[in-house]
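Counted the way my numbering counts, the sequence shown spans residues 68 to 217.
Note that CB positions come from ideal geometry on N, CA and C, so glycine has one too.
On a predicted model such as this, the values are computed, not experimentally measured, just so you know.
Encoded as structure tokens, the structure appears first; notes follow it.
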Amino acid sequence: METSPVPPDWSGFPEVMFIIDTNLGAINDFDQKPITGVTHTRFMQILTSHLNDWYITPFVKCRPKSTTYTKKNMGDCSYWIKEEIKRLDPKVIVACGSRIDKIIQCDFICKTPAQITSNARSEKEFGATLAQIKEKLNGYKPQQVCNYRF
68 METSPVPPDW
78 SGFPEVMFII
88 DTNLGAINDF
98 DQKPITGVTH
108 TRFMQILTSH
118 LNDWYITPFV
128 KCRPKSTTYT
138 KKNMGDCSYW
148 IKEEIKRLDP
158 KVIVACGSRI
168 DKIIQCDFIC
178 KTPAQITSNA
188 RSEKEFGATL
198 AQIKEKLNGY
208 KPQQVCNYRF
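Dropping the structure here:
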């Protein structure tokens, strides 16, 4: 089973889109989530304490033949995430992982959920980023939408 190349119907039109840099495994496919387990639970707790309207999606929407995600196969699969961004049209895009911004320019770049939830300091830093995201949303103007590299 592959990850869906387009957002599910229930995604609506979220203000904030979190794109997760993760190597999707069988558990991600089974749960249909880019984050699973304790990391998922804690990451959701942090998000709900700061934001009301968000969407989480994996960066890579197709699986390479090899199990290793390289810049090339991330680029090869980037069509799907770009299509998802177009369909959702979020006000703010957050890259959770440094490889994403090399292909899609985002409003914010933060650590991966596993890194964020690994200690109190990282959670506090992420909380500060979420506060900045709220500020951007409160002062949102259409011309502030990030420019995608299509």
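Could you give the C-beta distance for residue i and residue j, rounded to a whole number, given that I count them as a contact under 8 Å?
i	j	result
Thr-196	Asp-88	So it is not a contact: roughly 15 Å between Cβ atoms.
Ile-53	Asp-174	Since the displayed the chain opens at 68 and closes at 217, residue 53 lies outside it and no answer follows.
Ile-86	Cys-163	7 Å
Output the boundary residues of the beta strand (DSSP E) element that contains residue i.
i	result
Phe-126	First-last for Phe-126: undefined, no H or E at that position.
Phe-85	83–87
Ile-176	175–177
Ile-160	159–163
Run the CB neighbour count on residue i, radius 10 Å, all protein chains shown included, and call it buried at 16 or more, exposed below.
i	result
Val-83	buried
Ala-198	exposed
Ala-187	exposed
Val-127	buried
Thr-108	exposed
Asp-124	In the sequence on display, residue 124 carries Thr and not Asp. By the neighbour-count rule (16 or more Cβ atoms within 10 Å), Thr-124 is buried.
Thr-115	exposed
First and last residue of the alpha helix (DSSP H) that includes residue i?
i	result
Phe-193	187–205
Phe-80	Unbroken run through Phe-80: none, as it is neither H nor E.
Taking 6 Å as the limit between beta carbons, can you name the residues of its chain near residue i, skipping five residues before and five after?
i	result
Ser-145	Ile-170
Pro-81	Asp-120, Trp-121, Tyr-122, Pro-157
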